[in-house]
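Counting in the working numbering, the first sequence runs from 16 upward without gaps. For glycine and all other residues, C-beta sits at the position ideal for the given N, C-alpha and C. First the structure, in the form of structure tokens, and then the observations on it.
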Amino acid sequence: MLSDMNAPQREAVKYLDGPLLVLAGAGSGKTRVITRKIAYLVQECGFDPRNIAAITFTNKAAKEMQERASHLLEGRAGKQLNISTFHALGVKMLRTEAKAAGLKPAFSILDSSDATAIVSDISKETEKSRLRALVSRISGWKNAMLPPSAAASHAADEMEALAARVYEEYERTLRAYQAVDFDDLIGIPARLLASDEELLERWQRRLRYLLIDEYQDTNSCQYQIVKLLAGHRGAFTAVGDDDQAIYAWRGADVENLRNLQTDYPKLKVIKLEQNYRSMQRILSAANTLIARNEKLFDKKLWSDMGRGDPITLFIARDADHEAESVAMRIASHKFEHRGKFSDYAVLYRGNHQARVIETALREQKIPYVISGGQSFFDRAEIKDVMAYLRLVANGDDDPAFIRAVTTPKRGIGGMSLEALGRYAGERHIGLFAAMFETGAEHALPARALTPLREFGDFINRLEWRARTEAPRLLLEDLLRGIGYETWLFEQFEPKEAETRWNNVREFVDWMGRKGEEDGKTLMELTQTVALITMLDKRDDGEERDAVQLSTLHASKGLEYKHVYLIGLEEGILPHRESIDGGKIEEERRLMYVGITRAQRTLTLSHCERRKSGRESRDCEPSRFISEMGEDVQRPKKDGAAPTAEDRAARVAQLEAMKARLAGKVLPGS
DNA sequence: GCAGATTGGATTTTT
DNA sequence: TCCAATCTGC
16 MLSDMNAPQR EAVKYLDGPL LVLAGAGSGK TRVITRKIAY LVQECGFDPR NIAAITFTNK
76 AAKEMQERAS HLLEGRAGKQ LNISTFHALG VKMLRTEAKA AGLKPAFSIL DSSDATAIVS
136 DISKETEKSR LRALVSRISG WKNAMLPPSA AASHAADEME ALAARVYEEY ERTLRAYQAV
196 DFDDLIGIPA RLLASDEELL ERWQRRLRYL LIDEYQDTNS CQYQIVKLLA GHRGAFTAVG
256 DDDQAIYAWR GADVENLRNL QTDYPKLKVI KLEQNYRSMQ RILSAANTLI ARNEKLFDKK
316 LWSDMGRGDP ITLFIARDAD HEAESVAMRI ASHKFEHRGK FSDYAVLYRG NHQARVIETA
376 LREQKIPYVI SGGQSFFDRA EIKDVMAYLR LVANGDDDPA FIRAVTTPKR GIGGMSLEAL
436 GRYAGERHIG LFAAMFETGA EHALPARALT PLREFGDFIN RLEWRARTEA PRLLLEDLLR
496 GIGYETWLFE QFEPKEAETR WNNVREFVDW MGRKGEEDGK TLMELTQTVA LITMLDKRDD
556 GEERDAVQLS TLHASKGLEY KHVYLIGLEE GILPHRESID GGKIEEERRL MYVGITRAQR
616 TLTLSHCERR KSGRESRDCE PSRFISEMGE DVQRPKKDGA APTAEDRAAR VAQLEAMKAR
676 LAGKVLPGS
């Protein structure tokens, strides 16, 4: 059964004598190991699939793992597995243990923009970078399980002192709304498991074996959950790669790898070093580079796929020339090798770097897609509809109330809401409850109260129906009831309104399908959508034959035949802030992640000069280039930069080649 | 003095 | 691309 795996992979699947850490290098088949191990536990060891939990960081990874594991298992077993993100597991625990957490089971989940809006309200801070600093400081404390009181005494400077004050008020606000943020989805379950023995035992019985993916990305809260659930039995397999830890800035702590060894002295460590993705030369360069980092575990990737092409480095005059050159290289390479555009990826440090590349690719008429971008559920129109659903599920959700009551406009403005807010504040209740109280009749003029109560009745009717009726019909009635389509077309240009309305339709369809397939009520669905991101949208992006543009961070876990790493300059990669903050090692890992995305060829580039303001400055090539050793082919130093004529000649050559190929291909296809 | 236009500069992102 | 700071025209 395991004959198609290599020895360490097989060992990792079969090892069940205690806690296991699998150090899985890039492209070493870690998902394979996890899914096979799940199948092994069920088929060979008699585990009930309901007692196995696999935890990932993204919905995408969870979905992929679910599919692959189900494929290996027979019948319904796959469906019974608990494969989810940390956050989804947290939601599940919180919904069942809501009472112990002091929450109603229908609590709301606030996304980052909701949370940021609340922090902004409390702190009166509107400037983006300072607001973001506050939010991330608070989030950092929450992930370290530090309560507001402790944060206040730890505050190191003026900004932290402010953050601590905001943090306290923020937590109070969330509880008043019966809402939790993303950090709470991990933090509150961790607290519950730690403080309630009976509850802990119940969950330990329920989840008897844990498999954790991307372990190097865990924060201390997440590690607490793992440790508590696994208990002293240590029935878990953690899979990770310390060389690919690139998320320290958002709370991930590679130290958790070391902690695993101290907390579980009997921890077994298995390394997966055979890589099935890249040619040896690429791996050698990656190994040489990463060897510069202080390491806990030594690891050397190798491959039996052959040595491969040399790694090319080219030096461009400036950013425009770099982009132009990348576009040109992709075009000629593609036509020469008759490959697909989707075999090529351009990777960079910051999103803004994509812009020049886009322009250059468009000029060459090369199709491209930019990975990432705005997620479906972040769109205003989806958030509008979600606000109604959140309010239907949880009347205490004031942010949802405000958004719903003002979208579309129904004659309730800032004045009425402020008056209602004052009254609700005095009475220590939510806005929704406040407007139905007799006292509200004195606090607000009838002119304002009447439409408010009409709105309230509308929500109450929906709430009543939501308990029994199918989601699709109800959603359609909701949209009709608030005249959302009409409102969209009043607000926006026809084209814009059309797209937005289509998004809403897609949302309704998706909810409707879910309701029919899984027999879920609207209430149940509402409580899970906050965590779901792209739906199946990602698929159409992958199906188009297009060059992939991506940040290095977003490229983790993906692979491409031909990779172009651009902007390899001091200040960009490594980034200035990281150089100043002494965070070179994480930048080096980022470079490592980029290199190991490549299967066949890797092309590096940097600029000689970059314009900043009116004049342009010299740039220094990234230290990482020389740190890759001799596998990088240095460009010929003939001194002369290519002239306009040289470039014209290359364009002509390329055009001729395209024409030739087109001529050959056309008659047949 | 202000709204609208233009210019310039940019860490990284998921839940 | 997106956002904020600066500039222009009234």
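Residue i in three-state terms, based on DSSP
i: residue 251; result: strand
i: residue 256; result: coil
i: residue 535; result: coil
i: residue 329; result: strand
i: residue 387; result: coil
i: residue 427; result: coil
i: residue 438; result: helix
i: residue 345; result: helix
i: residue 104; result: helix
i: residue 505; result: helix
i: residue 376; result: helix
i: residue 367; result: helix
i: residue 185; result: helix
i: residue 269; result: coil
Limits of the alpha helix (DSSP H) - the one that residue i falls within
i: residue 85; result: 74-87
i: residue 568; result: 567-570
i: residue 641; result: 638-642
i: residue 409; result: That residue, residue 409, is in no alpha helix (DSSP H); it is neither H nor E in DSSP.
i: residue 162; result: Note, residue 162: premise wrong, no alpha helix (DSSP H); not H, not E.
i: residue 235; result: 235-245
Own chain, CB closer than 7 Å to residue i, minus 5 neighbours either side, in chain order
i: residue 90; result: none
i: residue 448; result: 410
i: residue 92; result: 57, 64
i: residue 185; result: 133, 134, 137, 153
i: residue 425; result: 466, 470
Close Cβ partners of residue i (< 6 Å) along its chain, the five nearest in sequence each way excluded
i: residue 95; result: 64, 65
i: residue 297; result: 613, 617
i: residue 150; result: 131, 134
i: residue 358; result: 576, 577
i: residue 554; result: Residue placement at residue 554 is poorly supported in this model, since its pLDDT is 44, which falls under 50; the coordinates still yield a value, given next. Taken in chain order, the list of residues that qualify is empty.
i: residue 27; result: 37, 48, 285
i: residue 324; result: 616
i: residue 191; result: none
i: residue 634; result: 584, 622, 625
i: residue 446; result: 413, 416, 435, 439
Cut-off 8 Å between Cβ atoms - residues of its own chain near residue i, not counting five sequence neighbours on either side
i: residue 304; result: 603, 606, 607, 610, 639, 642, 643, 644
i: residue 342; result: 372, 375, 376, 378, 379, 381
Per-residue burial, residue i [other beta carbons within 10 Å of its own, 16 or more giving buried]
i: residue 218; result: buried
i: residue 139; result: exposed
i: residue 596; result: exposed
i: residue 395; result: exposed
i: residue 174; result: exposed
i: residue 258; result: buried
i: residue 541; result: buried
i: residue 162; result: exposed
i: residue 515; result: buried
i: residue 156; result: buried
i: residue 481; result: buried
i: residue 244; result: buried
Boundaries (first-last residue) of the beta strand (DSSP E) holding residue i
i: residue 697; result: Any answer about residue 697 is impossible in this case: the structure gives the chain only from 16 up to 684.
i: residue 283; result: 283-287
i: residue 39; result: 35-39
i: residue 464; result: Taken as a continuous stretch (DSSP letters only), residue 464 belongs to no beta strand (DSSP E), being part of the alpha helix (DSSP H) at 461-481.
i: residue 622; result: 613-622
i: residue 578; result: 575-580
i: residue 224; result: 224-227
i: residue 68; result: 67-71
At least 3 beta-carbon pairs within less than 8 Å: the segment 429-440 vs the segment 374-385: With contact defined as three or more Cβ pairs closer than 8 Å, the segment 429-440 and the segment 374-385 are not in contact.
Contact the segment 276-295 vs the segment 39-47: 3+ CB pairs below 8 Å: yes
Segment contact flag, the segment 229-243 with the segment 573-585, C-beta cutoff 8 Å, min 3 pairs: no
Cβ contact (3+ pairs, closer than 8 Å) linking the segment 114-132 and the segment 557-576: no
At least 3 beta-carbon pairs within less than 8 Å: the segment 300-320 vs the segment 328-342: Three or more beta-carbon pairs separated by less than 8 Å are not found between the segment 300-320 and the segment 328-342, which leaves the two stretches without contact.
Three or more C-beta pairs below 8 Å linking the segment 452-459 and the segment 194-212: no
Sufficient close CB pairs (3 or more, under 8 Å) joining the segment 76-87 to the segment 344-359: no
Touch test, the segment 248-267 against the segment 532-541, Cβ-Cβ under 8 Å, three pairs minimum: no
The segment 204-211 contacting the segment 104-111, beta-carbon criterion three pairs below 8 Å: yes
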